[in-house]
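If you're matching them up, the sequences are chains B and Y in order.
The first sequence begins at 43 in the working numbering and counts up one residue at a time.
The second sequence begins at 110 in the working numbering and counts up one residue at a time.
In what follows, a single structure is set out as structure tokens and then discussed.
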Amino acid sequence: MKVKVDQALCQGHTLCAMKAPDVFELDDVDGHSSPVSPEVPAGLESQVVSAVRSCPERAISVEGTA
Amino acid sequence: MSTQDAIGDEERKKIKYHFDRHAPDYRERFEDITHEMHAKCPIAWTDTHGGHWVAAGNREVFELAARSAEFLSNDHDVNNERRGYQGISIPAPARGKGRRGGFLEMDPPEQRYYRQALNPYLSPAAISRWIPWIDELVRACIDDRIESGRIDFVEDLVNIVPAAFTLAMMGIPIKDWTVYCEPAHAAIYTPLDSPDIERVGQLHMQMGMELFKQFAHIKENPRPGLVNALINADINGQKAPDMELMGVLGLLIGGGFDTTTALSSHAIEWLSENPAERERLSRERDTLLDSATEEFLRFYTPAVGDGRTISADCEVAGVRFKEGDRLWLSWAMANRDPAVFEEPDQVKMDREGNRHASFGLGIHRCIGSNVARTLFKRMILQVLDRMPDYVCDPEGTVHYDTISVINGMRYLPATFTPGPRLGPGLEETLGKLQKVCDEQRLAEPVTVRKKRAEIAG
């Protein structure tokens with residue numbers, strides 16, 4: 043599974059990092075999110091799906107299922 | 110307006126709903142009104158308060174707030190220099206005349222300069238540095254009540270912690286929290302037609318004068334914090350005028366005090382009414398506290414909505430808007446939309462897919478959201494640990510009369526099994542925390558200081 047955060051849409055709500063703390067990192071200065079790596083580590087796919095569904099700005103997208 | 114325009118106007122506003130969130134019964138009827146609007150008119154025109162649109166549906170609020178920034182303005186043009194827009198309050202309050210509510214009543218790029226100046230003080234990384242300091246403050250508030258078995262959660266805890274912490278971040282002496290506390294809350298909960306409004310106005314003015322004194326003092330004697338950041342902020346190559354900065358300071362106090370109080374008191378009240386859920390939250394805190402926090406944010410939506418002005422003719426979510434139209438974005442109603450939230454009128458602490466709008470959506474996302482979450486969690490944890498059997502007293506509980514601005518609470522008395530003190534009371538602790546704040550320069554931005562606060566035994 044691949045994951046992307048649209049930087050034009052992310053507003054730093056931080057919910058993705060609560061759902062998948064090992065997948066998303068928050069910028070120290072403004073809290074905006076970006077994936078640690080575009081490739082989701084095996085086993086964390088369901089956390090990422092949960093993050094996608096929690097994002098108030100609908101800024102996260104995924105490709106593939108595993 | 111030509112006849113054709115008038116007909117067009119009638120046509121575009123044909124879906125009407127009488128909506129008045131300032132009405133005394135709005136609090137009682139909130140769920141019924143929300144259900145009705147979701148079913149019949151997720152966006153409607155209301156003739157109240159000069160006439161404005163009301164967006165109640167989740168999709169509609171999202172399309173407008175998160176996807177239509179180019180058509181929405183937050184500008185409060187107090188000197189009528191631009192297009193005379195009225196800012197985020199509907200109706201524009203008499204008290205706010207002549208002053209913008211900080212960057213929440215600005216549009217980009219101006220708004221962005223202010224946020225960029227403050228972000229490094231308010232990001233998750235910046236706020237988490239303060240956790241030991243916050244815990245010590247919460248500990249002292251609880252210690253003042255713990256031996257008595259009685260507390261008013263609002264007056265003795267959830268008013269104090271956000272107030273003292275907001276001042277600490279600003280760089281204002283925390284012992285002055287009482288100067289700001291009552292006016293900050295009373296300005297929100299006192300209805301405009303209340304006989305008390307004059308006294309509250311006076312208090313608010315005194316608070317403004319004190320705030321200006323602190324501002325002038327920090328200008329002369331720089332000390333770290335949000336005030337200093339604003340004084341030095343680069344607003345498109347210039348320093349901001351003092352009047353604008355006073356508006357920003359008012360926004361930080363208004364945003365920092367009443368909202369977190371509102372969230373925390375409602376959650377504490379709900380947990381008292383649902384003791385099995387309270388036990389579960391305490392037991393499963395490692396996995397449940399984050400999602401429970403988001404659920405309380407969704408369900409009780411402290412800041413119920415925000416006004417906007419349409420800045421260009423557009424069509425969004427099937428409605429034709431005209432430049433100059435006023436619009437109310439109801440975060441509270443969007444948060445109850447069954448199209449997005451299963452059983453929206455139930456609190457489910459483990460709710461998945463909770464994309465609530467309680468901190469707003471789009472470029473104006475609440476800049477203090479990380480403060481609110483952190484303070485809430487640190488207060489709830491110590492309440493769960495130190496007074497796990499508290500019972501709130503509905504007789505003594507006082508909610509705000511209306512939920513026109515903030516869904517808040519004034520009193521929340523409770524009893525619990527008394528316990529032992531762990532340390533000194535609030536007054537002594539505030540002195541100690543001020544020293545820690547000054548010596549460790551905690552109010553510096555995270556770009557300057559990354560270390561966590563250290564509280565010696």
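We put the beta carbon where it would ideally sit given N, CA and C, even for glycine.
Given the structure is predicted, the values throughout are model-derived calculations rather than measurements.
Between the stretch 242-261 of chain Y and the stretch 318-338 of chain Y, the count of Cβ pairs shorter than 8 angstroms is below three; the stretches do not touch. Assignment of Y/Met518 by DSSP, reduced to helix, strand and coil, places it in the strand class. For B/Asp64, not one C-beta of chain Y is nearer than 8 angstroms to its own C-beta.
Nearest CB-CB separation between B/Glu87 and chain Y: not below the 8 angstroms threshold. Chain-ordered, the chain B residues with CB closer than 7 angstroms to the CB of Y/Phe468 read His55. Y/Gln455 carries a coil assignment under DSSP once its states are collapsed to helix, strand and coil. Straight-line spacing of the CA atoms in Y/Val270 and Y/Arg435 works out to 36 angstroms. Judged by their CB atoms, Y/Gly534 and Y/Tyr520 are not nearer to each other than the 8 angstroms cut-off. Here Y/His161 is buried, its C-beta having at least 16 other C-beta atoms within 10 Å. Taking a Cβ-Cβ threshold of 9 angstroms, the residues of chain B close to Y/Ile472 are Gln53, in chain order. Counting only the Cα atoms, Y/Ala226 lies some 13 angstroms from Y/Pro218. Closest by C-alpha distance to Y/Ser373, out of Y/Thr402, Y/Phe274, Y/Thr396 and Y/Arg168, is Y/Thr402. Per DSSP, the continuous alpha helix (DSSP H) segment holding Y/Leu484 begins and ends at Ser478 to Arg495. Under a 10 Å Cβ-count criterion, B/Ser88 is classified as exposed, with fewer than 16 other Cβ atoms of the shown protein chains found around its own Cβ. Put simply, the backbone Cα of Y/Val357 is about 10 angstroms away from that of Y/Ala349.
Chain Y places no beta carbon closer than 8 angstroms to that of B/Cys58, leaving this residue out of the contacts. The distance from the Cβ of Y/Gln220 to that of Y/Thr418 is about 14 angstroms, inconsistent with a contact at the 8 angstroms cut-off. Per DSSP, reduced to three states, the secondary structure at Y/Pro241 is helical. Along the length of the stretch 369-411 of chain Y, whole alpha helix (DSSP H) runs at least 4 residues long occupy 384-392 and 394-409, reported in chain order. The stretch 179-199 of chain Y makes contact with the stretch 407-424 of chain Y; the number of CB pairs closer than 8 angstroms reaches 3 or more.
The C-beta separation of Y/Gly414 from Y/Leu438 comes to about 5 angstroms, placing the pair in contact by the 8 angstroms criterion.
Taking 8 angstroms as the upper bound for CB-CB distance, Y/Gly211 and Y/Leu320 are not in contact here, some 12 angstroms apart. Judged by pairs of C-beta atoms under 8 angstroms, the stretch 43-52 of chain B touches the stretch 88-104 of chain B, as three or more such pairs exist.
The beta carbon of B/Ser96 sits closer than 8 angstroms to some beta carbon of chain Y. Around the Cβ of Y/Arg191, a 10 Å sphere holds fewer than 16 other Cβ atoms; the residue is exposed. Collapsing the DSSP output to three states places Y/Gly363 in a helix.
The C-alpha of Y/Thr526 is placed about 29 angstroms away from the C-alpha of Y/Phe366. Listed along chain Y are Gln225, Asn228, Pro229, Ser232, Ala234, Ala235, Pro554, Val555 and Thr556, each with a C-beta nearer than 9 angstroms to that of B/Val71. Chain Y has no Cβ within less than 8 angstroms of the Cβ of B/Ser79.
The shortest CA-to-CA distance from B/Val82 to any of B/Ala50, B/Thr56 and B/Ala62 is the one to B/Ala62.
When DSSP states are grouped into helix, strand and coil, Y/Gly414 belongs to the strand group. Not flagged as an interface residue toward chain B: Y/Asn444, since no C-beta distance is shorter than 8 angstroms. With a cut-off of 8 angstroms on Cβ pairs, the stretch 141-150 of chain Y is not in contact with the stretch 69-76 of chain B, counting fewer than three such pairs. Counting along the chain, Y/Leu436 sits inside the beta strand (DSSP E) bounded by residues Arg435 to Ser439. Chain Y has a Cβ within less than 8 angstroms of the Cβ of B/Glu99.
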